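Engineer: Its first residue numbered 1, the sequence shown is counted upward by one per residue in this note's numbering.
Pasting a structure below so you can have a look.
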Amino acid sequence: MRKTIKVDNITCTNCAQSIETHFKALEDVDAKVLVTSKRVIFTYDENKYSEDDLYRELSVIGYHGIKDDKEQLKVRRKDRIDLLIATIFSIPLLWTMFNHLGLHFVYVPNIFMNGYFQWVMATPVLFIAGRRFFIATYHSIKNKNLGMDSLVVIGTTSAYIYSIIETIKSNGQSHLLFFEVTAVIIWMVLIGNYFENRIKEKTSATLTSLLSLGSKEATLLKNNKEVTVPIESVLVDDIVVVKSYEKIPVDGIIVSGKTYVDESMLTGESMPALKQVGSEVIGSSLNIMETILVKVTKVGSETVLAKIIQTVEETSLIKPKAQRIA
1 MRKTIKVDNI TCTNCAQSIE THFKALEDVD AKVLVTSKRV IFTYDENKYS EDDLYRELSV
61 IGYHGIKDDK EQLKVRRKDR IDLLIATIFS IPLLWTMFNH LGLHFVYVPN IFMNGYFQWV
121 MATPVLFIAG RRFFIATYHS IKNKNLGMDS LVVIGTTSAY IYSIIETIKS NGQSHLLFFE
181 VTAVIIWMVL IGNYFENRIK EKTSATLTSL LSLGSKEATL LKNNKEVTVP IESVLVDDIV
241 VVKSYEKIPV DGIIVSGKTY VDESMLTGES MPALKQVGSE VIGSSLNIME TILVKVTKVG
301 SETVLAKIIQ TVEETSLIKP KAQRIA
């Protein structure tokens, strides 16, 4: 059985490694993580595992599988709230940096320089907006696979604790505080995550639309009988029967029949193409005339549609120069 689950808190390749390693240790289940679209493709024995079991195993290692669009909206709303909290409480702290940089011509209210005020501002950013990083770090330690979240926690918490000690020692009058570092790091990471997630959602939507083009079943000709089977069961050199106005399920060569095929969804060509014996046909294109017999030449990841999907994913992995510098 094959099942794709969207996971909202996949952020990096370490996340992918954690998930794949966890499921590799289980029998009769395999997980392949697509970081760019935040999806996990499971191949499993449906007699031993249910979909709920997969969601449960994900939660054990700290990942949240999204079951429907309603849940996706909740995740998006939570991201916006965390970003709003971080923005509101980080701006006053960011303002104090003008003073630290010696830009005294910029007005900074005196209260902004008070250590106790900065402490109050930094706390909700670290423990409310930034709680996701602590949760992720806990599971990273538990899974013995530290990632980016751990670095954020170590850096921001160290600055926060040092600043608290310095504030208490100086009764809030010290200028050697780093509360703004704590808040601004989390704020910047959340901004980056927010826009990255929006891009990944678009990538995911593109992949979903491409995947929906593929056929789920195929009709094989075996011993002069037509047998309908799942697309995963089709092998190279099988003979597939494609009737009028059916999708051609796989890439292949016509061995019997003559027809016109609509390939606009792949090539953009609006006019149907004439196909006859010896002509190559592309999986997911539409047979719009007569019944044809197709000898399978490519299946699975080797088909044209699969290559297009792979290209979309690889393209989304390419980082712009500004992102690489960051």
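Cβ atoms here follow ideal geometry from the backbone N, Cα and C, with glycine treated the same way.
All of these numbers come straight from a predicted model, not from anything done at the bench.
#1: DSSP state of D53, grouped into three classes?
#2: Report the partner residues of S256 according to the DSSP bridge assignment.
#3: Between which residues of its own chain and K321 is the CB-CB distance below 8 Å, once the five residues before and five after are set aside?
#4: For D149, report the span of its alpha helix (DSSP H) as first-last.
#5: Pick from N197, D238, E57, G65: whose alpha carbon is nearest that of V250?
#6: Determine the burial state of E120: buried for a count of at least 16 other Cβ atoms within 10 Å of its Cβ, exposed for fewer.
#7: Within 10 Å of its beta-carbon, does T13 have 16 or more other beta-carbons around it, so buried, or fewer, so exposed?
#8: With distance defined between alpha-carbon atoms, name the residue in V240, I85, L146, I231 nearest to V184.
#9: Would you check if there are 3 or more beta carbon pairs closer than 8 Å linking the region 41 to 60 to the region 74 to 81?
#10: If you draw a straight line from the C-alpha of N197 to the C-alpha of V35, how long is it?
#11: Would you decide whether Y160 is buried or exposed? Buried here means 16 or more other CB atoms lie within 10 Å of its CB.
#12: Curious, which full-length beta strand (DSSP E) runs of at least 3 residues does the region 31 to 106 contain?
#13: Of all the options V281, G115, E71, S59, which has the alpha carbon lying nearest to the alpha carbon of E180?
#14: Can you say whether R132 is buried or exposed, counting buried as having 16 or more other CB atoms within 10 angstroms of its CB?
#15: Since V296 and V277 are thought to touch, with beta carbons under 8 Å apart, how far apart are those beta carbons, to the nearest angstrom?
#16: Please state if the CB of T182 and the CB of L146 are separated by a distance shorter than 7 Å.
#17: For R2, count the other beta carbons within 10 Å of its own beta carbon; 16 or more makes it buried, fewer makes it exposed. Which is it?
#18: Would you call the region 151 to 168 and the region 89 to 101 touching, i.e. three or more CB-CB distances under 8 Å?
#19: Looking at D262: is its Cβ nearer than 7 Å to the Cβ of L286?
#20: Exposed or buried, P109, counting other C-beta atoms within 10 Å across all chains shown (16 or more means buried)?
#21: Between S59 and chain E, is any beta-carbon pair separated by less than 7 Å?
#22: Tell me where the beta strand (DSSP E) around V120 begins and ends.
#23: Relative to the C-alpha of N9, which candidate in E217, M148, V241 has its C-alpha closest?
Structural biologist: Taking the coordinates as given:
#1: helix
#2: L293
#3: Annotation note: pLDDT 49 at K321 (below 50); position unreliable, no value reported.
#4: 148 to 170
#5: D238
#6: The question names Glu, but residue 120 is Val in the sequence shown. Around the beta carbon of V120, a 10 Å sphere encloses fewer than 16 other beta carbons of the protein chains shown; the residue is thus reported as exposed.
#7: exposed
#8: I85
#9: no
#10: 11 Å
#11: buried
#12: DSSP runs (the beta strand (DSSP E)) wholly in the region 31 to 106: 39 to 44.
#13: G115
#14: Looking at its Cβ environment, which holds 16 or more other Cβ atoms inside 10 Å, R132 is buried.
#15: Not a contact, Cβ separation roughly 16 Å.
#16: no
#17: exposed
#18: no
#19: yes
#20: exposed
#21: The question asks about chain E, but that chain is absent: this structure has only one protein chain.
#22: Careful: V120 lies outside any beta strand (DSSP E), inside the alpha helix (DSSP H) at 115 to 124.
#23: M148
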